[in-house]
Amino acid sequence: MKIPPPVTGPAPMPARIVSVDVYRGFVMLLMMAEVLRLSTVADALPGNAFWQFLGWNQSHVPWTGGSLHDMIQPSFSFLVGVALPFSIASRTAKGATFNSLLKHTLVRSLILVLLGIFLRSLHSTQTNFTFEDTLTQIGLGYPFLFLLGFATRRTQVVTVLLILAGYWLAFVLYPLPATGFDTTLVGVPADWPHNMQGLAAHWNKNTNLAAAFDQWFLNLFPREKPFAYNRGGYVTLSFIPTLGTMALGLFAGRALKSTDTPQERIRFFLITGACLLAAAALLHFTGICPIVKRIWTPSWTLFSGGLCFFFLTFFYWLTDVAGRQKYILPLVVIGMNSIAAYVIADGFGGFISNSLSIHLGQNFDQVLGSAYAPLVRGIPVLAMEWLILYWMYRKKIFIKV
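Encoded structure:
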């Protein structure tokens, strides 16, 4: 890997790609919209196909496959990679050296990890040391992504392939639980319908390599009680294949920053996305590697990465090519302040909801009946969160790490 020399003269500032902000805003809006609790509305209206569809896409799938909601974290990670070439170019244009860039990267990574731990500890009686959160996962992998940003395209591709292949092999070599093992000890009912057989069993919930790692690693930190398993099956080591997702974003960012025409960029995005989806489908349906978001299997990296390329294609065409930017301000407001949006949604939603009950009455959400109560309560919470971000946008207050 060749480290570039320090810049000795001024360099042109990279142009801002609006579609990246819009895509990021869309992703963060999906996360903020959790306050609408569409799955709860769907549960209250079991015969309504419309609400079942919305509820399913605002929920995480139990294990294999993925919904729209499952695309939030990979999209956010992908966009970190997309933004990196522009960030490096911007700081280099201001005279930053490689060493200063590396120092900033390490500090940023530490802040992301600590912020993720802080947000996951808001409702705990002590610090909740957990590392499967979106921010901590990005923070753990970001220094490696930064170094990868200075490598050649070939080195980047080979590195991603080695990461995914090595991660796959590590899971395969880890032994399966003994016959008759009581899976309830790791939070999995004996009759859980999502357990897999054969080679795919190496990626079953809480009996895999990464789950075993966490049973050792997370107990190195002070805890209210010893860590035995994660109820959702999420794991710390997911940051390794998540690095692959960020690297796929790096490929897209380099294409956006290149001198290619918009048509060439779109062609690259579509072809790459289709190839990634095809590879993921082949691995999944042959049983070689199932698509599981919760433990970020290599096939999930490929699958979600392919969808990320398609999302980016749509927003790039809509905003930067077709120039249809009339109605995108709500997404730009969120996308340009994504860290603030993340913290507001994760840390202040409950406060806003409780304040509404104080001032509008405890039962204000019953105006349309109990089935729609989560929606009636969630809409003003979401609106107030967006208005805070809009005020910050108007005041040019942007939280960056």
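Per my numbering: the sequence shown = residues 963 to 1363.
Even glycine gets a Cβ: it sits at the ideal position worked out from N, Cα and C.
Task: Same chain only: Cβ atoms within 6 Å of L1293, ignoring 5 sequence neighbours per side - done: The residue labelled residue 1293 in the question sits at position 331 within the sequence shown. Annotation for L1293: V984, G987, F988 place their beta carbon closer than 6 Å to its own, counting only its chain and skipping 5 residues before and after.
TODO: Determine the burial state of Q1328: buried for a count of at least 16 other Cβ atoms within 10 Å of its Cβ, exposed for fewer.
DONE: Sequence index remark: in the sequence shown, residue 1328 carries index 366 (1-based). Classification for Q1328: exposed.
Task: Rounded separation between T1026 and P1139 - CA only - done: Within the sequence shown, the letter at position 64 stands for residue 1026. Within the sequence shown, the letter at position 177 stands for residue 1139. Going from the Cα of T1026 to the Cα of P1139 covers about 20 Å.
Open item on the list: Pull the bridge partners of T1026 from the DSSP assignment, please.
Closed with: Position 64 of the sequence shown holds residue 1026. Looking at the DSSP assignment, T1026 forms a beta bridge with V1254.
- [ ] Would you identify the three-state DSSP class for P1184, choosing helix, strand or coil?
- [x] Along the sequence shown, one-based indexing puts residue 1184 at 222. Note: P1184 maps to coil in three-state DSSP.
Open item on the list: By the three-class DSSP mapping on this structure, what secondary structure does F1038 have?
Closed with: Position 76 of the sequence shown holds residue 1038. DSSP places F1038 within a helical segment (H, G or I) once states are collapsed to three.
Open item on the list: Taking contact to mean 3 or more Cβ pairs, one atom from each stretch, closer than 8 Å, check whether the stretch 1211 to 1221 and the stretch 1042 to 1049 are in contact.
Closed with: Verdict: yes, contact present.
Task: Alpha-carbon to alpha-carbon, S981 and A1055 - done: Taking the sequence shown and counting its residues from 1, the one referred to as residue 1055 is at position 93. Taking the sequence shown and counting its residues from 1, the one referred to as residue 981 is at position 19. Separation of A1055 and S981 (C-alpha to C-alpha, rounded to the nearest whole angstrom) is 22 Å.
Task: Residues near W1018 in its chain [Cβ-Cβ closer than 8 Å; skip 5 each side] - done: Here residue 1018 refers to the residue found at position 56 of the sequence shown. Counting only Cβ-Cβ distances below 8 Å, and skipping sequence neighbours, we find S1001, A1004, S1029.
Open item on the list: Is the beta carbon of G1267 closer than 8 Å to that of L1238?
Closed with: Start at 1 with the first residue of the sequence shown, and residue 1238 comes out as number 276. Start at 1 with the first residue of the sequence shown, and residue 1267 comes out as number 305. Taking 8 Å as the Cβ cut-off, L1238 and G1267 qualify as a contacting pair.
- [ ] For D1144, count neighbouring C-beta atoms within 10 Å of its own C-beta (all shown protein chains included) and say buried if the count is 16 or more, exposed if not.
- [x] What you label residue 1144 is simply residue 182 of the sequence shown in a count that begins at 1. Around the beta carbon of D1144, a 10 Å sphere encloses fewer than 16 other beta carbons of the protein chains shown; the residue is thus reported as exposed.
TODO: Quick one: grab the DSSP three-state call for S1049.
DONE: The sequence position of residue 1049 within the sequence shown is 87, counting from 1. It is helical.
Task: Exposed unless 16 or more other CB atoms sit within 10 angstroms - verdict on K1255 - done: Translated into positions along the sequence shown, residue 1255 becomes position 293. Under this definition K1255 is a buried residue.
- [ ] Less than 8 Å between the CB atoms is what I'm expecting for L1063 and R1053, so what's the real figure, rounded?
- [x] Sequence index remark: in the sequence shown, residue 1063 carries index 101 (1-based). Sequence index remark: in the sequence shown, residue 1053 carries index 91 (1-based). The Cβ separation is near 6 Å, so the contact holds.
Open item on the list: For a quick check, are the C-beta atoms of L1074 and I1100 less than 8 Å apart?
Closed with: The residue labelled residue 1074 in the question sits at position 112 within the sequence shown. The residue labelled residue 1100 in the question sits at position 138 within the sequence shown. In this structure, L1074 sits near I1100, with a CB-CB distance shorter than 8 Å.
TODO: Report yes if the C-beta distance between I1257 and A1172 is below 8 Å; otherwise report no.
DONE: Numbered from 1 along the sequence shown, position 295 holds the residue referred to as residue 1257. Numbered from 1 along the sequence shown, position 210 holds the residue referred to as residue 1172. Yes, these two residues count as a Cβ contact at 8 Å.
Task: Nearest-angstrom Cβ-Cβ length linking G1309 and G1249, presumed shorter than 8 Å - done: Position 347 of the sequence shown, counted from the start, is the residue given in the question as residue 1309. Position 287 of the sequence shown, counted from the start, is the residue given in the question as residue 1249. The beta carbons of G1309 and G1249 sit about 41 Å from each other, so the pair does not count as a contact at 8 Å.
TODO: Decide yes or no for the touch test of the stretch 1340 to 1358 against the stretch 1301 to 1308: beta carbon pairs closer than 8 Å, at least 3 of them.
DONE: At 8 Å Cβ cutoff, the stretches touch.
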